[in-house]
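K.L.:
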Amino acid sequence: MTLILHITTRSHWQTAQQEGAYRPDSLETEGFIHCSTPAQVVGTANAYYHGQSGLVLLCIETDRVEPEIRYEAAHGESFPHLYGALNLEAMTQAIDFEPEADGNFTLPTALN
Numbered sequence: 137m138t139l140i141l142h143i144t145t146r147s148h149w150q151t152a153q154q155e156g157a158y159r160p161d162s163l164e165t166e167g168f169i170h171c172s173t174p175a176q177v178v179g180t181a182n183a184y185y186h187g188q189s190g191l192v193l194l195c196i197e198t199d200r201v202e203p204e205i206r207y208e209a210a211h212g213e214s215f216p217h218l219y220g221a222l223n224l225e226a227m228t229q230a231i232d233f234e235p236e237a238d239g240n241f242t243l244p245t246a247l248n
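For the sequence shown, our numbering gives the first residue as 137, with consecutive numbering after it.
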């Protein structure tokens with residue numbers, strides 16, 4: 137099992153549960169869903185979400201993902217991108233992802 141992660145807001149996650157699939161704005165504007173590996177997600181969170189609360193970390197099992205997954209270069213690393221709506225059956229869990237008091241994120245204990 138290979139695990140990839142996606143950061144989203146709690147409200148976007150709730151919408152996905154009601155609709156039966158996850159379709160963030162990036163799917164429309166860029167054609168894919170940005171994801172990270174467990175080793176990359178803290179860096180991504182600190183770069184793009186520093187100090188933001190109300191976030192959820194979607195844990196995705198790649199073997200269950202229906203759309204194509206491509207690992208593509210960005211910022212000197214290879215990041216997983218999903219080229220289609222995320223089917224919720226690929227999710228293993230959604231973890232509340234809140235920053236520390238200084239605004240920085242750490243990997244949730246459930247993923248250590």
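All residues carry an ideal CB built from backbone N, CA and C; glycine is no exception.
Since the structure is predicted, the reported quantities are computational estimates derived from the model, not experimental observations.
Once DSSP output is grouped into helix, strand and coil, what is the label at Glu204?
P.N.:
Strand, per DSSP.
K.L.:
Alpha carbons only, please: which of Glu155, Ala183, Met137 and Ile231 is nearest the one belonging to Pro211?
P.N.:
Correcting the residue identity first, residue 211 is His in this sequence and not Pro. Cα-wise, what sits closest to His211 is Ala183.
K.L.:
Just how far apart, CA to CA, sit Arg200 and Gly179?
P.N.:
Straight-line Cα distance between these residues: approximately 25 Å.
K.L.:
Could you compute how far the alpha carbon of Asp232 sits from the alpha carbon of Thr198?
P.N.:
Their Cα atoms are separated by approximately 21 Å.
K.L.:
Using alpha carbons as the reference points, say which of His148, Pro203 and Phe241 lies closest to Asp161.
P.N.:
Closest option to Asp161, Cα to Cα, is His148.
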